[in-house]
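Chemist: There's a structure below that I have some questions on.
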Amino acid sequence: MAINYKTTKDIKVPKKLINQVIGQENAIKIIKRVAKQRRHLLLIGEPGTGKSMIGQALANLLPNENLQDVITIHNSEEENLPLIKSFPKGMGKDFVFKSRLNSKGKFKGQTIFLFFMIIFASLMPWWIRRQYGDIIAAASLISSMMFIMILILLVNLGKRTKIRENPLPKLIMGYHSSKKAPFIDATGAHSGALLGDVLHDPFQSGGLGTPPHERVIPGMIHRANKGVLFIDEVSTLKPETQQELLTSLQEKKYSITGQSEKSAGAMVRTEPVPCDFILVAAGNTETVKNMHPALRSRIRGYGYEIYMNNNMEDNEENRDKLVYFVAQEVINDKKIPHFTKESVEMIINEARKKSGKANRLTLHLRELGGLIRAAGDVAKEKNSEYVEPIHIDLAKEYSRTLEQQMADKYIKTKKEYDVIITEGTKIGRVNGMAVIGSNNAFSGIILPIESEVTPGGKKTEFIATGNLGDIAKEAIKNVSATIMKYFGEDIKEKHDIYVQFLQTHEGVEGDSASIAVATAIISALKKIPIKQNTAMTGSLSVRGDVLAVGGVNSKVEAAIDAGIKNIIVPKANEKDILIPKNKMKGITIIPVKDINDVLKEALDWKGKTNILKKLK
642 MAINYKTTKD IKVPKKLINQ VIGQENAIKI IKRVAKQRRH LLLIGEPGTG
692 KSMIGQALAN LLPNENLQDV ITIHNSEEEN LPLIKSFPKG MGKDFVFKSR
742 LNSKGKFKGQ TIFLFFMIIF ASLMPWWIRR QYGDIIAAAS LISSMMFIMI
792 LILLVNLGKR TKIRENPLPK LIMGYHSSKK APFIDATGAH SGALLGDVLH
842 DPFQSGGLGT PPHERVIPGM IHRANKGVLF IDEVSTLKPE TQQELLTSLQ
892 EKKYSITGQS EKSAGAMVRT EPVPCDFILV AAGNTETVKN MHPALRSRIR
942 GYGYEIYMNN NMEDNEENRD KLVYFVAQEV INDKKIPHFT KESVEMIINE
992 ARKKSGKANR LTLHLRELGG LIRAAGDVAK EKNSEYVEPI HIDLAKEYSR
1042 TLEQQMADKY IKTKKEYDVI ITEGTKIGRV NGMAVIGSNN AFSGIILPIE
1092 SEVTPGGKKT EFIATGNLGD IAKEAIKNVS ATIMKYFGED IKEKHDIYVQ
1142 FLQTHEGVEG DSASIAVATA IISALKKIPI KQNTAMTGSL SVRGDVLAVG
1192 GVNSKVEAAI DAGIKNIIVP KANEKDILIP KNKMKGITII PVKDINDVLK
1242 EALDWKGKTN ILKKLK
């Protein structure tokens, strides 16, 4: 049963973080097991799918009773080997506090003595003035002041000497007020921050230096003791740092030393410091290739690997989860108004579009959250009590991604200089469609393609220009097989073929433009014009079948913005197109199964019906 609400103000958001995780049911099951058994995790998925949130949810499941305070203690036998002592939570702070009180007690007698001597030295000039006059009193006053200063210096020097002989312990990790197990985000941390460090001491000689144990700084691996250490893009750590991380995982303790060889801290090495943490490593598929093999093996042998979901089924239950998500974002942000039911439904519809697939909802919730906050900002500026649909429309315009802004400029510039043509017909020229950007941050563009076919020389050439990637180059070469199938003509034996992707400084990768390339070549070969009010996208198999492509929504939107009226898409992608009806007025979506369908729709067959009849 769907949630009954008027605004997100009526929604009761779950307090536990684990209950706020959306669309990652398998991951939730596993982290509950991980929390009980203290296993490690490797989370692989695209940015914004909730990897960090899962790490935090795991930390919240861990008990806080096992937390430990850690102190460093001066080693009288070898000062460059500070001693390490652990205490139950809160007791380390008490130990340091008592040590300071005891130290102050030792100097209590000296302080009282100093107090009386100051009083005596202060009163003496007044007595001398009465007995011997002003001149001798003035000399006595100066002498008294010098005496007080020397006395203070001597007492302080004595204190410093005794302190150096028996330095106070230092609390390097204290959890007396912690109610949760620690969650330490070590993403992008350098080796010193991650593994700990010993500060440089510029006054390391002459009795002025700071004792080594007071210069010890714990690393994130130590601060994560009994909690969670989260590292996103773990493969970006230096190999030697990953190796040290592996050592700390295995030993559950790690000595702290100075990270810089030029520092005095490099001479210091503590006793092993506890670092019994759960490692949650994260990244994308490239992370798996580049991370230290032994580190991954350790995680696999003593934990779990999880591939994050990018989307979830579009059903009532999951739509309700997105309702809770909108309410969560409002509460967590604390600066934006609540959403009306109508505006929440618009957010859900955006989740459909961003999934790029029919009957699916995106789980790139960080990006969706950005739209929620942008809409909230607009509503705040308009002094609206709630976020309304109009605010979301404005937010979509204001918060366009860099890729979308680049695409807008791309289309505008190309149309101004007639690089993109949307009227009439031309031989060998076609409007392809592509995307710029990567992962979930991309936008559609129009990709003009031209082809020229010339008589072949001694060596047949197939030349393509336009900053093409390897996949795009291979897709172009496969077009010859399609032409052979449909026209019974081996173009490699008789012709040189030139294909140009016009002004594609951004580069072209993938095979989604292969039906456009085939159409341009066939048009140039058979001298049949192509309708310029038509754009197309689709992957072409060697047998001439049109296969599904990604980013079809963004491509269709770009074509509409460019003034295209007829848009050819793979039949398999037809159900993935989720464009508002008001934007689709005057636009025809043409689903195709094979290159035969493409040619029939894209080419102007006036006077060429004899060739049309030959199509197989």
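All you need for this note's numbering is the position in the sequence shown, starting with 1, plus 641. From the three backbone atoms N, C-alpha and C, an ideal C-beta is built for every residue, glycine too.
#1: Looking at Q1173: is its Cβ nearer than 8 Å to the Cβ of I1062?
#2: Applying the criterion that 16 or more other CB atoms from any shown protein chain within 10 Å of the CB defines a buried residue, is D974 buried or exposed?
#3: Bridge partners of I947, per DSSP?
#4: Quick check: what's the CA-CA separation for L1219 versus T1160?
#5: Beta carbon of L683, beta carbon of A922: below 8 Å?
#6: By how many angstroms is the C-alpha of T649 removed from the C-alpha of F980?
#7: Is there contact between the stretch 695-712 and the stretch 668-680, where contact requires at least three CB pairs shorter than 8 Å?
#8: Output needed for K1216: all residues of its chain with C-beta closer than 6 Å, excluding positions within five of it in sequence on either side, in chain order.
#9: On the DSSP letters alone, give me the boundaries of the beta strand (DSSP E) that D826 sits inside.
#10: Can you list, in chain order, the residues of its chain whose CB lies under 7 Å from that of P978, leaving out five sequence neighbours each side?
#11: So for G847, helix, strand or coil by DSSP?
#12: Got a sec? Which residues, its chain only, sit under 6 Å from G696 by beta carbon, not counting five neighbours each side?
#13: According to DSSP, is I1068 part of a helix, a strand, or is it coil?
#14: Secondary structure at E1091, three-state DSSP: helix, strand or coil?
#15: Whole angstroms are fine: how far does the CA of S996 sit from the CA of I1013?
#16: Using the three-state DSSP reduction, which class does H1297 fall into: helix, strand or coil?
#17: To which residues of the same chain is G608 closer than 7 Å at the C-beta, ignoring the five residues directly before and after it?
#18: Compute the distance between the beta-carbons of L936 and G689, then report whether it is under 8 Å.
#19: Grab me the residues of K982's own chain with a C-beta within less than 8 Å of its C-beta, minus the 5 sequence neighbours each way, in chain order.
#20: If you draw a straight line from the alpha carbon of P859 to that of H831, how long is it in whole angstroms?
#21: Apply the 10 Å Cβ neighbour rule to S1258 and answer buried if 16 or more other Cβ atoms are within range, or exposed otherwise.
#22: Output the distance between the C-alpha atoms of I825 and R864, rounded to the nearest integer angstrom.
#23: Nearest-angstrom Cα distance between I685 and I672?
#24: Where does G1148 fall in DSSP's three states?
#25: Mark Y948 as exposed unless 16 or more other C-beta atoms lie within 10 angstroms of its C-beta, in which case mark it buried.
#26: Out of L1004, P1170, I862, which has the shortest C-alpha to C-alpha gap to E892?
#27: Quick one, which of V985, A1243, A968 has its alpha-carbon nearest K656's?
#28: Count the other CB atoms within 10 Å of the CB of G1148; is the residue buried (16 or more) or exposed (fewer)?
#29: In chain order, what residues of the same chain lie with their CB nearer than 7 Å to the CB of A1165, ignoring the 5 residues before and after it?
#30: Tell me the rounded alpha-carbon separation between K670 and A1189.
#31: Rank P934, K820, V929, A834 by C-alpha distance to the C-alpha of T898 and give the top, closest one.
#32: With a cut-off of 8 Å on the beta carbons, I'd call V964 and I644 a contact; round off their distance for me.
#33: Note down, in chain order, each residue of its chain lying with its Cβ closer than 8 Å to the Cβ of T1066, except the 5 sequence neighbours on either side.
#34: Can you round the beta-carbon distance between L840 and V737 to whole angstroms, since I take them to be within the 8 Å contact cut?
#35: Please report the residue range of the alpha helix (DSSP H) in which E954 lies.
#36: Which residues does DSSP pair with D710 in a beta bridge?
Modeler: In terms of the structure at hand:
#1: Yes, the pair counts as a contact, with Cβ atoms nearer than the cut-off.
#2: D974 should be labelled exposed.
#3: The partner list for I947 (beta bridge, DSSP) reads L684.
#4: If I take the Cα positions, the gap works out to 26 Å.
#5: Yes, the pair counts as a contact, with Cβ atoms nearer than the cut-off.
#6: Cα-Cα distance, rounded: 5 Å.
#7: Yes, they touch.
#8: These residues qualify, in order along the chain: A999.
#9: Annotation: the continuous beta strand (DSSP E) that includes D826 extends over 824-826.
#10: Once the five neighbours on either side are set aside, the close Cβ partners of P978 are G1017, A1020, K1021, S1025, E1026, Y1027, V1028.
#11: With a pLDDT of only 44 at G847, under 50, the local geometry of the prediction cannot be trusted, and the value read off the model is given with reservation. Reduced to three states, the DSSP call for G847 is coil.
#12: Around G696, the same chain offers V869, F871, V921 as residues with beta carbons nearer than 6 Å, after the five sequence neighbours per side are excluded.
#13: Looking at I1068 - three-state DSSP - the assignment turns out to be strand.
#14: The answer is strand: DSSP assigns E1091 an E or B state.
#15: Whole-angstrom Cα-Cα distance: 17 Å.
#16: What the structure shows of the chain is the stretch from 642 to 1257, and residue 1297 is not part of that stretch, so it cannot be assessed.
#17: Examination of residue 608 is not possible in this model, given that the chain is present from 642 through 1257 alone.
#18: Going by C-beta atoms, L936 is not nearer than 8 Å to G689.
#19: Answer for K982: Y646, K647, T648, listed in chain order.
#20: Cα to Cα, the separation comes out at about 13 Å.
#21: Here the chain has residues from 642 to 1257 only, and residue 1258 is not among them.
#22: Cα-Cα distance, rounded: 7 Å.
#23: Put simply, the backbone Cα of I685 is about 14 Å away from that of I672.
#24: Here the model assigns G1148 a pLDDT of 48, short of 50, so the residue's position is not dependable and the matter cannot be decided.
#25: Using a 10 angstroms sphere on the CB of Y948, the tally of other CB atoms stays under 16, which defines it as exposed.
#26: With distances taken between Cα atoms, E892 lies closest to I862.
#27: When each option's Cα is compared against that of K656, the closest is A968.
#28: Note that G1148 has pLDDT 48, beneath the 50 cutoff, so the model's placement of it is unreliable and no number is given.
#29: Cβ neighbours of A1165 beyond the five flanking positions: I1068, G1069, S1092, E1093, V1094.
#30: Straight through space, the alpha carbons of A1189 and K670 are spaced by roughly 34 Å.
#31: Closest option to T898, Cα to Cα, is A834.
#32: At roughly 5 Å, the Cβ-Cβ gap stays under 8 Å, so V964 and I644 are in contact.
#33: Answer for T1066: P1170, I1171, K1172, Q1173, D1245, listed in chain order.
#34: Their Cβ separation, rounded to whole angstroms, is 19 Å, which puts L840 and V737 out of contact at 8 Å.
#35: That residue, E954, is in no alpha helix (DSSP H); its beta strand (DSSP E) goes 952-954.
#36: Answer is F728, bridged to D710.
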